[in-house]
Every structure is written in structure tokens, then in C-alpha cells.
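One structure below.
The following block contains the structure:
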């Protein structure tokens, strides 16, 4: 158990809808990251927050947004969902901001129908 | 731009055989970190090792060992005396020094260990 908690585990929704994925980092970790894993794109970095502030951005679509709250949990919001957004979304956390090991949650599997 | 290549998409071995997973990376930075993660059938990503670009010493942890060679931009991973529980997808990843913790992952190598 990595200590990173993601909810929900599974999510099935229709195209055009909006969903929110939630992540609680390991105790003591200040950085939170979101990654997307799909069959065609592999594991792709979306965004990083450190102590509430955005630190790095990857190939995150404009329809997607995230934030990290004062209690350090994070939410990833996906809107105007398309079939191609179906993927496994991982949250990870780390102690530091740079190059410390990431510890991943079990992921949220999103299916868009 | 940074890139990680894992040329082997799938490797199948019989239990107790050794298996080596190749990882080749590209980066323009002199400071960077390399990682290996394991993704078992249950789906989670498990951290195995982190290596910085200034430390080329090989590392051994139980049945796992890693060979880092800057000259060939490779960071290979060997499982000695494989076991069925080693069956998983293994990912190599790269993080450049000034880019926070933005990991660039390779495509992964699926290892199937048969009893």
C-alpha cells in the first residue's frame, strides 16, 4: 500500500459529462501529480502541484483542470468528456518538489460511453 | 526533448530464469534522474528504484539489479531467478533536473513468468 488514496476506483459516464477524481497524498507529502495511462498514449504526465501551487504542466487538455487544496488533497476535473478520455488516471505524491520518488495510488479507471 | 525507449514489449520466461529489461533514454540535461516502476496485474504502480545521473554504480536489491551506463544512455534492469510474482509490466522513467518531477515514461515491458 503506497499510502496514496484515490476515489472512485471506477467511473462510467457518458460523453459530454463532467467528472471529478479525488486524491489524498501520503501523509507528509507536499507534491501531488496526475498521470493518465491509456493504451495508445501510455503513461502521460498531466500536472504537478506542490503545497497548493501548480509547479509543472504536461499535455493536459484545456477541458481538464486540477487543484490542490490547503489540506493537500487534490482533485482532477474532466469536462466535456469524449470517448478518447477513457483511461486509467493515476495520482501520485512525493515529499519534495524535485526528483524525489513518486508513490502512486491505485488509479481511477474512467470509461466514457 | 527527453525520451525513454523500452524496445522489448513483452518477455516470456520460465520460473528461475534470469530476465533483463532494456531501457535507453535521451536527454540534453547533465542532471537527471532515472526510475523503474512495476505495474502488477492489479494495476498499481510500484516504485522500485531511483538513480541520479552522477551515480553510475550498479545497484542490487535482493533478486533485482540495475546497470546504469551513461556512455550508452542505458539503465537496464535484471531480475535474477525470476518468480511467478514478478509477472508485471515494468516501466523505466526519466526526470530532468530542472523540470520538477515530470516523469517521462517508456512504453513498458510486459514480463510473463511461467511456472
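Residue numbers (our numbering), protein chains in the order written: chain A, 19 to 131; chain B, 2 to 116.
Quick reminder that beta carbons are idealized off the backbone N, C-alpha and C, glycines included.
The structure presented is a predicted model; accordingly, all values stated were derived computationally and were not measured.
{"Query": "Residue 102 of chain A in three-state terms, based on DSSP", "Result": "helix"}
{"Query": "Strand pairing of residue 12 of chain B, partner residues [DSSP]", "Result": "B/112"}
{"Query": "Proximal residues of chain B, C-beta to C-beta of residue 119 of chain A below 8 Å", "Result": "36, 48 and 51"}
{"Query": "Chain B contacts made by the stretch 60-89 of chain A, where a contact means CB separation under 9 Å", "Result": "60, 61, 62, 63, 66, 68, 73, 74, 75 and 76"}
{"Query": "Residue 93 of chain A to residue 85 of chain A span [Cα, whole Å]", "Result": "6 Å"}
{"Query": "Inter-residue spacing [alpha-carbon to alpha-carbon] between residue 38 of chain B and residue 32 of chain A", "Result": "32 Å"}
{"Query": "Those residues which DSSP pairs with residue 60 of chain A across a bridge", "Result": "A/56"}
{"Query": "Buried/exposed call for residue 73 of chain A, threshold 16 Cβ in 10 Å", "Result": "buried"}
{"Query": "Residue-level contact to chain A via CB, residue 16 of chain B, 8 Å cutoff", "Result": "no"}
{"Query": "Chain A residues whose Cβ lies nearer than 9 Å to that of residue 115 of chain B", "Result": "Under the 9 Å cutoff, chain A gives no residues; its nearest Cβ is about 24 Å from residue 115 of chain B."}
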